[in-house]
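The opening position of the sequence shown corresponds to residue -8 in the numbering used here, with each subsequent residue numbered one higher. A short write-up of the structure that comes next.
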Amino acid sequence: MPAHPTASPDDIEMSSIFGALKRNASKLLLTSAVLGGLTFLALTQIAPKYQSEAELAIVARSSSNSFPDAKGAAGPDSVTTKMDKEAINTHVRALRSTDLLAKIAEQMALKDKPEFNAAVGPVDKADSIMRLIGLGGPRAGESERDRVLNALRNQLEVYSAKESRFIGVRMTSIDPALAAKIANGVAETYRSTLASDSVVEIDDQQKVIQGKIEKLMPEVAAVETDVDRYRREIDSYKGGSQNIGLNEQQMSELTAELVRAKGTRGEAEARAKSAKEMMKLGSADALPDVQKSPLIQNLVQQRVRIERQISELSASLLPGHPRMQQLNADLAGLKKQLTGEVNKLVDSLEKEAKVAQGREDSIKKSLDDIKSKVVTNAPEEAKLRQLEANAKAKRTELENLQTQLEGNRKKQDTRAAPVEVKVISEAQAASVPVFPKKIPLSALVAVASLIFGVAWTVLRALFSGARSGGVTALPAKSKGKASAAQRAEPVLASVPATESTPKAPVSAPTVASASTAAESNIANLVRRLVAKRPEEGGHRTLITGDSNSIEPGAEAIELSKAIADTGVTVVLIDWSPSGKGIAGQAGIVAKRGLTELLSGDISFDEAVNRLPSSTVHFIGCGGSLDETDSDIEPDQLNLVLDALDEAYDHIIVSGQHEDARFLFEAIQGRFDAGILVADGKKRQTVLDDPAGSFLGFEVSDIDVIRFERAATPQAISQRILRAAPKNGGEARPA
């Protein structure tokens, strides 16, 4: 039967809480008002502080790289360097440097102001009070310069905005004008310092660049002369739009010409081959070249005309007729002439193919000659390229230096040095102090004190009875006067169960004797438990109080006897790890029991006893776990309970609230029913288990019952003891 712990809400009886708050409302409000007023008076003794802020922008400085990108359109002045986070942090640290702050302190005579030099005097009344109690004033051994710089550094804040190049210079002072003046002074002094350093740096660069130019100019002239001289020696010249060598240019042209010659030769050979094949087949008239020839086309037309005449005259003239003979002779002559013209055309195609082959061979020979020349001059060409690269590098370096020299000269003429820091926002004198905020702070103290007072009042109310979980006992004077007829009959109530668990009928309250009332309600409980008993195995019931102040032993004993009277076997287990069980209430002398049974020191026969005047078997709690120095193993507990399931129809376990909760959690809620004994005179609070839970655990298959009693446990115990034998001796083992 799985069980899961749930958090129960706090038991706050609103009537008690509101009553305590109502009684202490005037004190709480008065205390809050007094504390708020005292805070306001204390803050008035502190000199107000004003804050001013100047903003700087860190811009990328002109690059000093002597080799800008030749392909780019921008000059060296527009080439910017990447401003990384480390560079920004460097400026932040530099703005708080000792030298810079010393200049500001000297320019503004901060040593004469009490705010920065404690030796001059107190700043305000609060400072005067601190000096009187020995907590203020200048420190011994500290120089005036150190005092001023430390005070200035403490009141000056320099920060950089995240993911930006902006730096804020924030100054706090009791004088708003002085705060703005110091913030602007720090920003402007730092900017001018960097600007002057840049001008000096440019002058130094000019001298270095001029020296490099004077040294490079003769070197460039010498290497370029060497290149021209060596090119003439190896007869390697360049030309064309690409400015490449003549040999390379000729190789490129011959290669293109060779490709065209191969194409022409292939086309001519294909035409000649096709003409020969068509002549063999007798269809030379279909050749494209034949159809393009005017002479052949004229002969073909004449042949067609003569053939038509022969066809027309053959109908009226015999073959031997002179006209027919003449036409046949003309036709034979035309065919012979036509065949000769076609043969001439085919011969011309073959000659054209041979000419194309010859041209291709000639180009190949010329190309091979140039290749041989290039291979022969390869070492010289490599040396020439090396000389040219050296000359080009020298020339590029000289041009870059000359460009940079000209740019620096313009900057010198205009004194327009590259600025690295720009002041984008000057500090202004503030009109509203940033500290102290008298009204907000006073209100905050008043509200905080009120909240603290309310919390303290609520806690006191809770601990004084709003969360009382014990049984409300009758006053001593009324105990003897309360009669059985004045007590309400105990009511059996249960927490709503599942649909398959019908609620037991609850009898209406009646005026009867204490014994009769108890038996009547126990009978209802017995009927419910007996009805829930499974067909196989035993029915486990855990009975406990709804708090540690309620002892469920009397109800457990009475319930066990009542169930046994129905003719079933019942065993009552006293669960008390501390060793303080209910054996005394049951009229049994305490002896070894469940603790020793779990540890294996005794057997079931030695652990089981019988309740006096009943067939109920009883297993006492045994010794304390602390005294026996043994631990409870859940597996051993389950084995013992499983064994009892086989031997008894009902197993009833009784224990106090915390002990029962420990057992319930240890065996993972393996019970069929759970009974919470509650005080009938105490109303149910939100701390009680909600529906579907038992001992703070969510349960699903357990019949949870709330048994409210009216009679005190002492009365029930006395009734049980009166029914037990007077000797109270040891019960006979079962």
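Beta carbons are placed, not taken as given, at the ideal position from N, Cα and C, and that holds for glycine.
How should K198 be labelled, buried or exposed, when 16 other C-beta atoms within 10 angstroms of its C-beta is the threshold for buried?
exposed
Quick one: residues in its chain with C-beta nearer than 6 Å to the C-beta of G665, no 5 flanking neighbours on either side, listed in chain order?
L533, F685, I693, V695
Identify which residue in S594, A446, S567, L585 has its Cα closest to the Cα of N15.
A446
Which class does G461 belong to by DSSP, given the choice of helix, strand or coil?
Legend: pLDDT at G461 = 35, less than 50; position of this residue unreliable, value from coordinates given subsequently. Here G461 sits in coil by DSSP.
Can you look up E527 in the DSSP assignment and give me helix, strand or coil?
coil
Could you tell me whether the segment 37 to 50 touches the segment 149 to 167, where touching means 3 or more Cβ pairs closer than 8 Å?
yes
Is D694 helix, strand or coil when you go by DSSP?
strand
Residue from E154, P525, G176 whose Cα sits closest to the Cα of M99:
G176
Would you call L101 buried or exposed, if buried means 16 or more other Cβ atoms sit within 10 Å of its Cβ?
buried
D565 - containing beta strand (DSSP E), residue span
561 to 565
Where the beta strand (DSSP E) through N600 begins and ends
599 to 601
Which term fits E546, buried or exposed, when burial requires 16 or more other beta carbons within 10 angstroms of its beta carbon?
buried
Suppose contacts are defined by Cβ-Cβ distances below 8 Å. Is I642 in contact with G529 by that definition?
yes
Alpha helix (DSSP H) containing K726: first to last residue?
For the chain, the structure presents residues -8 to 725; residue 726 sits outside this window and is missing.
Considering only the beta carbon of each residue, do L322 and R294 sit closer than 8 Å?
yes
On the three-pair Cβ rule with 8 Å, is the segment 433 to 444 touching the segment 24 to 41?
yes
Please report the Cβ distance between G575 and D565, rounded to the nearest whole angstrom; I am assuming they are in contact, meaning their Cβ atoms lie under 8 Å.
In fact, because the Cβ distance is near 10 Å, the residues do not count as touching under 8 Å.
Should I415 be labelled buried (16 or more other beta-carbon atoms within 10 Å of its own) or exposed?
exposed
Beta carbon of L26 nearer than 8 Å to that of S440
yes
Pick from I623, D359, T448, V50: whose alpha carbon is nearest that of R156?
V50
So, is N600 buried or exposed, given that buried needs 16 or more other C-beta atoms within 10 angstroms?
buried
Residues near I79 in its chain [Cβ-Cβ closer than 8 Å; skip 5 each side]:
I49, S151, R156, I158
Please report the straight-line C-alpha distance between N334 and R223, rounded to a whole angstrom.
57 Å
Just the C-alpha distance for T560 and A634, rounded to the nearest angstrom, thanks.
14 Å
Pick from L304, E351, V214: whose alpha carbon is nearest that of G257?
E351
Range covered by the alpha helix (DSSP H) that runs through D636:
625 to 638
Alpha carbon to alpha carbon, how far is L392 from E179?
33 Å
With 16 as the cutoff for other CB atoms within 10 Å, does K104 come out buried or exposed?
buried
Coarse secondary structure for Q419, derived from DSSP in three states:
coil
Spatially closest choice to A522 from G536, Q395, V291, D640, by CA coordinates:
D640
In angstroms with no decimal places, state the Cα-to-Cα distance between M208 and L389.
7 Å
What did DSSP end up calling D592 once you bin it into helix, strand or coil?
coil
Do R451 and A131 have their CB atoms nearer than 8 Å?
no
Between F688 and L667, is the Cβ-Cβ spacing less than 8 Å?
no
Close beta carbons around G324, own chain, < 8 Å, minus the five adjacent residues each side
none
Which partner residues of Q317 appear in the DSSP bridge assignment?
Bridge partners of Q317: none, in fact.
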